[in-house]
Structure formats: structure tokens, C-alpha cells
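What follows is a set of notes on a single structure, which appears directly below.
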Amino acid sequence: MTDTQRPATRPPLWKRRRTRETALAALFLAPSIAVFGAFFFYPIGRIIYLGFFQQNQTRTRQRWAGTEQYVDVLTGQEFRDGLVITVQYVLLTVPPGLVLGVLLAVAANRRLRGIKIFHTIFASTVATSVAVASIVWLVLINPTVGYLEVDWLRDPDWALFGVSLSSIWQNLGLTFIIVLAGLQAIPDEINEAATVDGMSAPRRFFTVTLPMLSPTLLFLVVVLTVFAFQAFAQIDILTNGGPAGATETLVFKIFQQQQGGAVGEGSVMAVGLFVITFLVALGQFLLLERRVHYGSDRA
Amino acid sequence: MSEVTFDEVTKRFGDVTAVDALTLEIRDREFMVLLGPSGCGKSTALRMIAGLETVTEGELRIGDTTVNDVEAKDRDIAMVFQSYALYPHMTVRDNIEVPLKTRAYEVDGETRKLHKPERADRVADAARILGLSELLDRKPGALSGGQRQRVALARAIVRRPEVFLMDEPLSNLDAKLRAQTRVELVELHRQLGTTIIYVTHDQVEAMTMADRIAVMEDGRLQQVGAPRDVYARPANLFVARFIGSPPMNTVDGRIRVDGGRAHVEIGDGHLDVGPRSGVADGDDVVVGIRPEHLHIADDGVRALVRAIEWLGHERHVYCDVAGTPVIVRDTDPGEDHAAPGQEVRVQAAADTVHLFDPASTERID
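Residue numbers (the working numbering), protein chains in the order written: chain A, 381 to 679; chain B, 1446 to 1810.
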């Protein structure tokens, strides 16, 4: 075959095949791209965009505020206060929630008659909505009808702690289920070998169980931290941000800004929160993963 | 002193009796194999020695000490598990070192925890004995099955315990490596001079490694003895059929005594079994003959050849004798005595024929 016989405009076979494969790949990816686009990329893009504008009270008009608005809001007192309260809330909920979940799972990880009843009870909070959990705790720590007869939710020094109790309780079921699954994945023979090797129960826990549970714990640290950064409903129901702004986390402030018509400022805060949450989660992965043991599959 | 003694030891899990009144004495420095099929109670017996299962009834002693109520961590034993049970997050060095960190040891007449250099020396010794010196910084995930098995052995020997327990440690290895490790384990036993109690369902492992074998079935001890004795004089039908590959042929027959010699009738043929004191004319018996003791002959018992397996160094001739499958192991495969479908006669020397009571299944001498 000579060159003159081949149509000059037709691309070579490999190129045509590659184009066809690309089109096919795009077709397969289209549903995911559509869903992610509509519910993730577009809202993020929109929030970043709105952060450059200021709206009037009725949100009928907006004017360009530029990057100055980002600088003003993210370095402002309001954002800093919200961030401090959010970090306090993370510290009050994540470590105690994790420790409690591990303790409960270790206690329930036994072959005893009727242990499934305890598994169900301990895991039950996972099926409870934030609203129900908040109402339960609203009643429990009510000074007149409550079980604890304290007025934490109206005391600026204790309000965040009161809200944290509700969150710890509500997330405990999830933590318990995941840690229990992690514990049950540790082969019995490993624990038996540790016993025969002369380890006491506490030593076995710290030397064998905890390292083998580390991938599970890393996952939980990241997930619970992200949950805590995003907490809103329990604050709204239990304290409505009060008293005196003592429980105004960043998410709550974003909500307030949006309600008050300051869509631009609220959007900047939302972008700030997104970046901080993302960096914290990434940092946790990078820092903690060095201490995580992934079992026999990896050297 | 590292004898292990079971004295009427019973272990029950709810209504299930896993070990039933086991009485067995394992001697100091002996390589004892507990042999039996799955669920026979051999692993439970081993786990009771380790302290991983409690004793329901009876007395279990290690040396002169009754250990029924001694916790696993306080017993001077080491165990190699079927899955090796290595700590996946630790290096080989750390795995071997673990028991040295957790226990106190006697050093120059004084019982104390070992210092770091002492631990390092012991780890290096154990690693050298098992050829692991080059692998000490690897993690178990980066080792082959055979290497993992050696690490588990090193973790056991580093303690220099009174008793080693091994729960089917070769079952995860391929056939070639298993054969090689069998020899190495026997050498290791000779080198260490410690009591080894080894659990397996593989009678080849038992026959090749044990000083003595304890055969178990349904939680009960069936026979204890040197491999040669258990093979040559099985105490009952279970042992007769369990030990040996191919297994012992067992066929129903009836005793005829004639002039001081006993014969056993099988179908329309008969076998001479010599003078036997334990049987009388007309007794029903189960006749047991090892495949290598049966041969195709001009007289004897009628057999229909079903199939022939040629294995290079021998042939297995599969026959039907009075409706019962029987194997003849022919070690002279050069000569074709039979072909499938052909009717032949099989014969055995009188002193190679075992007789068992069909009711009690016990051996008749």
C-alpha cells in the first residue's frame, strides 16, 4: 500500500483507538462526575465565588468585595473566636470519645452468654439522631428536672462541656462498633501467644492489641475530628450558641452570618473551615500513619 | 524435671466432653506426639498444658507441680501455634525477644529480668540455631511460610522452657518443606534436650518424629507406645485403621480351630493365623492385614481386582474381598500378577494377621 492510497485526513489506528477509549471512560465516569459536580464541586466553587461579594440584607444585590474580604474575615476576631471554640470542642469530644469507645469495646469483646445484648446497648446510640441525643441530654443536665441537676448549659464556663457530653454519647455507638470490629479481627492465637509468652492482660493490651488496632484508631481519629469540626445541630438545640457566645463554633457562626444576610462573610468562614478541616485531617494522616501498623500484609 | 502428667483429666465445654479421663505420662526430654483426627481432643489436651483451657476434672502436673490453677503466663512452657501467631507489627528480632522481656530468668543462681545485652545474646543464639540471623530486622509480612515457622520456633526456644508445645506447626507448609522441617525438628529436639509435646493429625509426622505416640479418638486415649510398636501391634480397630498409609485392611471373618492351629474363614477362602489363645472355634472376628503383608498367590482368599495404581516403586492393587475393599501393596511392580476385572487369590503370613473383637473392637492375641 502506498501513501497515496491512504486518506490523508484519517488519523492513525492507535490514535483512533485511544480517542474511543477516552470517550468510553468519560461515559463510565459521567454519573459520578455529575453527582460530585452537583453536590460537591459546584457548592464549593459557589461558596468560594460568593466569598468575593457582599450582599444587601434582602440578598437582591451584591457588590464585589474582592480578596480583601477573605483577609478581613479570616484574620478577624469573630473567626478567631469561633476557631478557638471549635478546637476546644474537638479536644473535649474526640479523645474522651475514643478512649470511652475503646474501653467499652474491650470490655464487650468477650465470649460470654448474653454479650450480644451489651453489644446492642452499647451500639444503640449510632441509631439515635443528633436531635434525639440533644433532647436526651437537655433533660439529663437540666437543673430542675434533670438527672445531674446542674445548670451547665447556661453557664458560659460549662456550656461547651455540656454540649460535648451529648456529642460524645451520640458518637459512642459508632466508635464502639468500629473498635469492636477491629478487636475481633485480631486472631485469638496472637493473644494466646502473648499469654504464653508471659504477658499480663494490661501488657498484652498495650503491646499487642493497641498496635494491631492502630489502623482502626487512625480512621476514627480522622472521622471523629471531622465530625466535631462540622457539629451544629447539638449546639443549635442545646445552647443556640450561648450563653454569651460560649458555644459559637465556626459552623454555628457561619449559620448565623448566613441567617443575618452576611452571605459573603459566611462563605469566607466556610471556605476557611473547609481548608482547616482538610489540613487537620491530612496532618493526622501524615503524622499518625507513621505509628500505624497494618498487620502482616506489609513489611 | 519436665515430665507432664495427665491424671484422669477431663475437659468439658458445656455438654460436650472434649477430653475424657485422660491418663498419660509424658517423660522428661521425650518427643511425644498426640495423634488423632479432627475433634479427637488432642489440641484441647495441649491447650490445657499451656493453660489456655482450664481442667474440668482430674489433675495436670508439670514436673512435680500441679498446674490446674496456675495461669498460662506463670507456666514454664513455650508454644508454637498452627498459624505461628507472630506479632505482625514487630520485627523478627522483637518477636523473638518478647518472652525474654516479660519473664524473669535464673541467671547465676539469681532469678531476675534479663538485661538488654543478655537478651540480645539469647536472641542471636536462637536466630543462629534456626538460620534467621539475616532476617532479624524484617517483619513477619516479609517472610515466607517456612521462615515464619522458624521465627515461631525461635520465639519458643529462646526461653529455654521446661516443655515445648507444638500445635500442628507444619500444616501450613508445602509437602517438600514439611518433610525437611520434620528432620530439622528432630535434630532440634536432640540439640535442646527438652520435652516436646507435638499435636498432629498426620500419622506420617507422628511416625517419623515421635519417641512415643499417644493416639486419641473422641477425647479418649486409644494407645500409647513407640511408633514401631503402635504400627506393629495396634490396640484396637481405630488405631489399626488410623496408623499406616495405605491403611490396614479390615475384613469380617469367622474362626475355625483345627488341630491347635486357627484359621479364619473369609468368604469361601481361608487364612492360616497360627496358634491363637484368645479365640475359639466359631468366633466372629475382624481380620486386619497391612497392605504390604498381603500378596497375590495361588491359594488364600478370593479377591476381585477393581483397579491398579502404579507408583513407580510399588503398585497398589485395589480389590473386593467378600464385599469389602482391600488394598494389596505389591513392591515388585515389574511383574503383572493381576489386571482390573480379574479374579485372584490373596494370602498373608500367619504372624502378620491381626484379629480384633467385632463388639469391643479391641485386639485379640
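Ideal Cβ positions, reconstructed from N, Cα and C, are used throughout, including at glycine.
Practice problem: Might you give, ordered along the chain, the residues of its own chain that have their beta carbon closer than 6 Å to the beta carbon of A/Ile-566, omitting 5 neighbours on each side? | Solution: For the purposes of this step, residue 566 of chain A is identified with residue 186 of the first sequence, where counting begins at 1. Here the set comprises Met-592.
Practice problem: For A/Ser-580, return the contacting residues in chain B, with the cut-off set at a CB-CB distance below 7 Å. | Solution: What you label residue 580 of chain A is simply residue 200 of the first sequence in a count that begins at 1. By Cβ distance, chain B contributes Lys-1518.
Quiz item: Can at least three beta-carbon pairs, one atom from the segment 568 to 587 of chain A and one from the segment 1529 to 1548 of chain B, be found at a separation below 8 Å?
Solution: yes
Quiz item: Do the CB positions of A/Gly-644 and A/Gly-456 come within less than 8 Å of each other?
Solution: As a working note, residue 644 of chain A is residue 264 in the first sequence. As a working note, residue 456 of chain A is residue 76 in the first sequence. No. Outside cutoff.
Practice problem: Using a cut-off of 7 Å between C-beta atoms, extract the partners of B/Tyr-1532 located in chain A. | Solution: Taking the second sequence and counting its residues from 1, the one referred to as residue 1532 of chain B is at position 87. Here the neighbours are Ile-570 and Val-588.
Quiz item: What residues from chain B crowd round A/Arg-583, counting only those whose CB sits closer than 8 Å?
Solution: Within the first sequence, numbered from 1, the residue matching residue 583 of chain A stands at position 203. Result: Thr-1547.
Quiz item: Taking all protein chains shown into account, do 16 or more other C-beta atoms lie within 10 angstroms of the C-beta of A/Arg-390, making it buried, or fewer, making it exposed?
Solution: On the first sequence, residue 390 of chain A is found 10 positions in, with the first residue counted as 1. With fewer than 16 Cβ atoms within 10 Å of its Cβ, A/Arg-390 is classed as exposed.
Practice problem: For my contact list, B/Gly-1733 and B/Phe-1801 are in at a C-beta cut-off of 8 Å; report their separation, rounded to the angstrom. | Solution: As a working note, residue 1733 of chain B is residue 288 in the second sequence. As a working note, residue 1801 of chain B is residue 356 in the second sequence. Their Cβ separation, rounded to whole angstroms, is 6 Å, which keeps B/Gly-1733 and B/Phe-1801 in contact under 8 Å.
Quiz item: From A/Ser-676 to B/Gly-1590, what does the alpha carbon distance come to, in whole angstroms?
Solution: For the purposes of this step, residue 676 of chain A is taken as residue 296 along the first sequence, with counting starting at 1. For the purposes of this step, residue 1590 of chain B is taken as residue 145 along the second sequence, with counting starting at 1. Its pLDDT being 48, under 50, A/Ser-676 is placed unreliably by the model, and the measurement read from it follows with that caveat. Roughly 12 Å between the two C-alpha positions.
Quiz item: Can a CB atom of chain C be found closer than 8 Å to the CB of B/Val-1543?
Solution: Absent from the structure: chain C. Protein chains present are A and B.
Self-check item: Three-state secondary structure (DSSP) of A/Phe-459
Solution: Along the first sequence, one-based indexing puts residue 459 of chain A at 79. In this structure, A/Phe-459 counts as helix in the three-state DSSP scheme.
Quiz item: Using 8 Å as the limit for Cβ to Cβ distance, is B/Ala-1523 near chain A?
Solution: Position 78 of the second sequence, counted from the first residue, corresponds to residue 1523 of chain B. With a threshold of 8 Å between beta carbons, B/Ala-1523 makes contact with chain A.
Quiz item: Is any beta-carbon of chain B found at less than 8 Å from that of A/Thr-575?
Solution: The count along the first sequence starts at 1 and reaches residue 575 of chain A at position 195. So yes, A/Thr-575 belongs to the interface.
Quiz item: Assuming A/Ala-539 contacts A/Thr-627 under a Cβ cut-off of 8 Å, what Cβ separation, rounded to an integer in Å, is found between them?
Solution: To locate residue 539 of chain A, count along the first sequence from 1; it is residue 159. To locate residue 627 of chain A, count along the first sequence from 1; it is residue 247. Their Cβ separation, rounded to whole angstroms, is 5 Å, which keeps A/Ala-539 and A/Thr-627 in contact under 8 Å.
Quiz item: Counting Cβ pairs, one atom from each stretch, are 3 or more of them under 8 Å apart for the segment 1616 to 1636 of chain B and the segment 1661 to 1676 of chain B?
Solution: no
Quiz item: Does B/Ala-1495 have its Cβ less than 8 Å from a Cβ in chain A?
Solution: Start at 1 with the first residue of the second sequence, and residue 1495 of chain B comes out as number 50. Yes, its Cβ sits closer than 8 Å to a Cβ of chain A.
Self-check item: For A/Val-474, the residue or residues it bridges with in DSSP
Solution: Here residue 474 of chain A refers to the residue found at position 94 when the first sequence is read from its first residue. In DSSP, A/Val-474 forms no bridge with anything.
Quiz prompt | Start-to-end residues for the alpha helix (DSSP H) that takes in B/Leu-1682 | solution = Translated into the one-based positions of the second sequence, residue 1682 of chain B becomes position 237. First-last of the alpha helix (DSSP H) with B/Leu-1682: 1682 to 1687.
Quiz item: Is the shortest distance between the beta-carbon of A/Leu-666 and the beta-carbons of chain B less than 8 Å?
Solution: Walking along the first sequence from the start, residue 666 of chain A turns up at place 286. No, because no Cβ of chain B sits closer than 8 Å to the Cβ of A/Leu-666.
Practice problem: Could you tell me the distance, in whole angstroms, from the CA atom of A/Met-649 to the CA atom of A/Leu-600? | Solution: Taking the first sequence and counting its residues from 1, one reaches residue 649 of chain A at position 269. Taking the first sequence and counting its residues from 1, one reaches residue 600 of chain A at position 220. The alpha-carbon atoms of A/Met-649 and A/Leu-600 are separated by roughly 26 Å.
Practice problem: Tell me where the alpha helix (DSSP H) around B/Leu-1597 begins and ends. | Solution: On the second sequence, residue 1597 of chain B is found 152 positions in, with the first residue counted as 1. Position check: residue 1597 of chain B holds Ala in this sequence, whereas Leu was assumed. Its alpha helix (DSSP H) spans residues 1590 to 1602.
Quiz item: Does A/Met-649 get closer than 8 Å to chain B when you measure Cβ to Cβ?
Solution: Position 269 of the first sequence holds residue 649 of chain A. No, A/Met-649 does not count as interfacial toward chain B.
Quiz item: Going by beta carbon distance, what residues of the same chain come within less than 8 Å of A/Arg-678, once the five residues before and after it are set aside?
Solution: Taking the first residue of the first sequence as position 1, residue 678 of chain A is located at position 298. Residue confidence for A/Arg-678 is low, a pLDDT of 39 falling below 50, so the modelled location carries little weight and cannot support an answer.
Quiz item: CA-CA distance, B/Tyr-1763 and B/Tyr-1532?
Solution: For the purposes of this step, residue 1763 of chain B is taken as residue 318 along the second sequence, with counting starting at 1. For the purposes of this step, residue 1532 of chain B is taken as residue 87 along the second sequence, with counting starting at 1. In a straight line, the C-alpha of B/Tyr-1763 is about 48 Å away from that of B/Tyr-1532.
Quiz item: Between B/Phe-1609 and chain A, is there a C-beta pair that is closer than 8 Å?
Solution: Here the question's residue 1609 of chain B lines up with position 164 in the second sequence. No, no contact with chain A.
Exercise. Could you confirm whether any beta carbon from chain B is found closer than 8 Å to the beta carbon of A/Arg-678?
Key: Counting from 1 along the first sequence, the entry for residue 678 of chain A is found at position 298. Confidence at A/Arg-678 is low in this model, with a pLDDT of 39, below 50, so the placement of that residue should be treated as unreliable; the coordinate-derived value is given next. Yes, A/Arg-678 lies at the interface with chain B (some Cβ there is under 8 Å from its Cβ).
Quiz prompt | Residues that B/Phe-1526 contacts on chain A, provided the C-beta gap is smaller than 8 Å | solution = Sequence index remark: in the second sequence, residue 1526 of chain B carries index 81 (1-based). In chain order: Glu-569, Glu-572 and Ala-573.
Exercise. With 8 Å as the threshold, decide whether the Cβ of A/His-499 is near any Cβ in chain B.
Key: Locating residue 499 of chain A in the first sequence gives position 119, counting from the first residue. It does not; no Cβ of chain B falls within 8 Å.
Quiz item: When the distance is taken between beta carbons, is B/Val-1750 closer than 8 Å to B/Gly-1714?
Solution: Residue numbering aside, residue 1714 of chain B sits at position 269 when the second sequence is read from its first letter. Residue numbering aside, residue 1750 of chain B sits at position 305 when the second sequence is read from its first letter. In this structure, B/Val-1750 does not lie closer than 8 Å to B/Gly-1714 by Cβ.
Quiz item: Between which two residues does the alpha helix (DSSP H) containing A/Tyr-422 stretch?
Solution: Here the question's residue 422 of chain A lines up with position 42 in the first sequence. Residues 422 to 430.
Quiz item: Is A/Pro-591 close to chain B, meaning its C-beta is less than 8 Å from at least one C-beta of that chain?
Solution: Along the first sequence, one-based indexing puts residue 591 of chain A at 211. It does; some Cβ of chain B falls within 8 Å.
Self-check item: Selection from A/Ile-617, A/Gln-610 and A/Ala-642 that minimises the alpha carbon distance to A/Thr-473
Solution: Reading the first sequence from its first residue, position 93 is the one you call residue 473 of chain A. Ranking A/Ile-617, A/Gln-610 and A/Ala-642 by Cα distance to A/Thr-473 puts A/Gln-610 first.
Quiz item: Does the distance from the C-beta atom of B/Ala-1680 to that of B/Glu-1475 stay below 8 Å?
Solution: As a first step, residue 1680 of chain B is located in the second sequence; it is residue number 235 there, counting from the start. As a first step, residue 1475 of chain B is located in the second sequence; it is residue number 30 there, counting from the start. In this structure, B/Glu-1475 does not lie closer than 8 Å to B/Ala-1680 by Cβ.
Self-check item: A/Leu-600, DSSP secondary structure in three states
Solution: On the first sequence, residue 600 of chain A is found 220 positions in, with the first residue counted as 1. The answer is helix: DSSP assigns A/Leu-600 an H, G or I state.
Quiz item: Taking just the CA atoms, how far does A/Val-602 sit from A/Ile-682?
Solution: Past the edges of chain A, shown from 381 to 679, lies residue 682 of chain A, and the structure says nothing about it.
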